[in-house]
Amino acid sequence: MYALTLYLCDIASEEEQDKLTVLYNSYLNVMMHVAQKYVGKYQAEEDVVHNAILKIIANLDKIDLAEKLKTKNFACLVTKHCAIDWLRKHQRETCASLDEIPPLLESDECPPLDYVTTEDGYANLVGCIHRLNDTYREVCDLKFVGGYRDKEIAEILGIPENTVGVRIHRGRKQLIAMLKEEGEHEESVDGRNDL
Numbered sequence: 008m009y010a011l012t013l014y015l016c017d018i019a020s021e022e023e024q025d026k027l028t029v030l031y032n033s034y035l036n037v038m039m040h041v042a043q044k045y046v047g048k049y050q051a052e053e054d055v056v057h058n059a060i061l062k063i064i065a066n067l068d069k070i071d072l073a074e075k076l077k078t079k080n081f082a083c084l085v086t087k088h089c090a091i092d093w094l095r096k097h098q099r100e101t102c103a104s105l106d107e108i109p110p111l112l113e114s115d116e117c118p119p120l121d122y123v124t125t126e127d128g129y130a131n132l133v134g135c136i137h138r139l140n141d142t143y144r145e146v147c148d149l150k151f152v153g154g155y156r157d158k159e160i161a162e163i164l165g166i167p168e169n170t171v172g173v174r175i176h177r178g179r180k181q182l183i184a185m186l187k188e189e190g191e192h193e194e195s196v197d198g199r200n201d202l
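Residue numbers for the sequence shown follow our numbering, beginning at 8 and rising by one.
See the structure below:
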């Protein structure tokens with residue numbers, strides 16, 4: 008595995024070097040675990056994690072270390088997409104089917120954000136985002152929870168920017184429907200629908 012010092016050589020700011028050091032020491036094992044789940048049988052975990060670290064370095068200024076769960080989820084998401092990119096690139100060589108790709112773990116490795124929030128509306132939104140399918144969940148999570156712009160999301164996920172826009176639009180429609188449904192359910196439980 009590439010040593011942390013090699014990554015630090017490309018970063019001029021001491022503050023960003025410190026941030027990367029904390030990220031690297033805190034989340035390297037989680038990232039290796041995620042990579043193992045996707046490309047382990049090809050023994051390409053180190054390549055995948057290397058690419059993920061490079062993407063994380065490109066987004067260091069947007070990462071807040073105080074938000075540990077959000078940072079951990081971001082590291083897992085970036086690693087997952089780097090693994091999928093690796094599989095796509097090497098599909099001919101490995102004869103792997105992208106249908107065989109396992110889902111991103113939602114257990115101890117990458118727990119959902121809605122367990123750590125105290126604001127009901129925000130928790131409800133995040134809960135709805137996590138119920139979306141992978142295609143829309145990832146872009147909506149980065150857009151609405153992470154605050155990333157479409158161009159940044161496209162770079163992180165390795166997809167065209169217009170695809171990001173379409174997925175956000177469709178995901179937003181699904182989120183609005185979910186939130187309306189939950190609001191109606193709460194009203195009927197409270198007895199307000201009888202009025």
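Cβ atoms here follow ideal geometry from the backbone N, Cα and C, with glycine treated the same way.
{"Check": "Residue from S33, K158, I160 with nearest C-alpha to A73", "Outcome": "S33"}
{"Check": "C-beta atoms of L13 and T28 nearer than 9 Å", "Outcome": "no"}
{"Check": "Inter-residue spacing [alpha-carbon to alpha-carbon] between L167 and D141", "Outcome": "Just to set this straight, residue 167 is Pro in the shown sequence, not Leu. So the two alpha carbons sit approximately 17 Å from each other."}
{"Check": "Proximity winner among Q50, T86, C135, relative to I183 (alpha-carbon distances)", "Outcome": "C135"}
{"Check": "Limits of the alpha helix (DSSP H) - the one that N58 falls within", "Outcome": "52-65"}
{"Check": "Cβ distance (whole Å) where E52 is taken to contact N131 below 8 Å", "Outcome": "Between N131 and E52 the Cβ distance is about 36 Å, and since that is not below 8 Å, they are no contact."}
{"Check": "Span separating the alpha-carbon of V37 from that of K75", "Outcome": "13 Å"}
{"Check": "Backbone secondary structure at E74 - three-state DSSP", "Outcome": "coil"}
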